[in-house]
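The structure appears below as structure tokens.
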Amino acid sequence: MTSFFDKNEGLIQEYGKLKTLEESEAFILEHPHLASEYTANYLTIDALNMAIDHKEEEMSNIARQCIVIQYLLELAKNMNAIPTNASIIKAFFKKFRAADPQYLKLYTDEVAAFEDRLRRRAKEKRDAALAEYEAEEKEKRIAAAPGGLDPQEVYESLPEEMRAAFDSQDVSKLQEVALSMDREVFSYHFQRCIDSGLWVPNASDEAEQQEHAEEGATAEPQS
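Numbering follows our numbering, in which position 138 of the sequence shown is assigned residue number 213; successive positions increment by one, without gaps.
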């Protein structure tokens, strides 16, 4: 399979961009060895990659071309014939062009169903990639945090008034929150902010901050 792809990748990609049955027939007759499951497999992967990248038009065209190959292979199988045979290729495209509405509807429905599967699979792969990326970023944030807490999670868990104080980067506002909020609640969240690196104490005032942490501890926001 790998050897087939290495030798024919350019041809398969060119075929996948064709728009009409006439173009497809001429191309397959010129390169009959492309009438293969390998071609269908490559086109499926190529269409999926287009779906992942939100290239809808390219995905749809490649999907149609893939189904054409699959239909050609199916006809050859039903006739116990070799799909690369020129007579079989010509017979297939002749039948396709002269097909009745029911056959064409079957083809159209098959393409639509294939496209839907590609879109669903593409979304799954995008979601998985995003989840993996977010997990890696979280690990980096935790590794860099003084106390091993994720600063993003800590920030999102803060009471609204504390979050607003942090957003302002104004120490006096944080001190106001410390005076108005339950002392244990404030102390809990403030310590988590320090452990996550979300709030970096002023080294020169470290002793004083420890003493007055529950009262808003003199501190400096991380720049």
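Where a beta carbon is used, it is the ideal one built from N, C-alpha and C, also for glycine.
From a predicted model like this one, the values you see are computed outputs, not experimental measurements.
| Query | Result |
| --- | --- |
| Span of the alpha helix (DSSP H), counted from its first residue to its last, around Pro226 | Pro226 to Ser232 |
| Reference Glu228; option with closest CA among Ala253, Met154, Met237 and Lys213 | Lys213 |
| Alpha-carbon to alpha-carbon, His129 and Glu100 | 29 angstroms |
| Spatially closest choice to Lys215 from Ser271, Lys248 and Phe265, by CA coordinates | Ser271 |
| Sequence-distant residues of the same chain with beta carbon closer than 8 angstroms to Glu112, five excluded per side | Leu148 |
| Cβ neighbours of Ile164 in the same chain (closer than 8 angstroms, five flanking residues each side left out) | Glu100, Ile103, Leu104, Pro107, Ala110, Leu147 and Pro158 |
| 7 angstroms Cβ shell around Arg172 - same chain, five flanking residues per side excluded | Leu96 |
| Glu132 - DSSP class collapsed to helix/strand/coil | helix |
| Extent of the continuous alpha helix (DSSP H) run through Leu109 | Run containing Leu109: none; DSSP gives neither H nor E here. |
| C-beta contact flag for Leu181 and Gln140 at 8 angstroms | no |
| Ile87 burial status per 10 Å Cβ neighbour count (16 or more: buried) | buried |
| Top-ranked residue by Cα proximity to Ser232, from Asn153, Ala188, Gln266 and Leu150 | Gln266 |
| Cβ-based neighbour list, Asn83, same chain, cut-off 7 angstroms, excluding 5 preceding and 5 following | Leu109 |
| Cβ-Cβ distance between Ile144 and Thr183 below 8 angstroms | no |
| Reduced DSSP secondary structure (H/G/I, E/B, other) of Lys82 | helix |
| Top-ranked residue by Cα proximity to Ala151, from Ala138, Ser243, Phe168 and Ile137 | Phe168 |
| Glu235 beta carbon less than 8 angstroms from that of Met256 | no |
| 4-residue-minimum alpha helix (DSSP H) runs that sit fully inside the segment 165-226, ordered along the chain | 176-219 |
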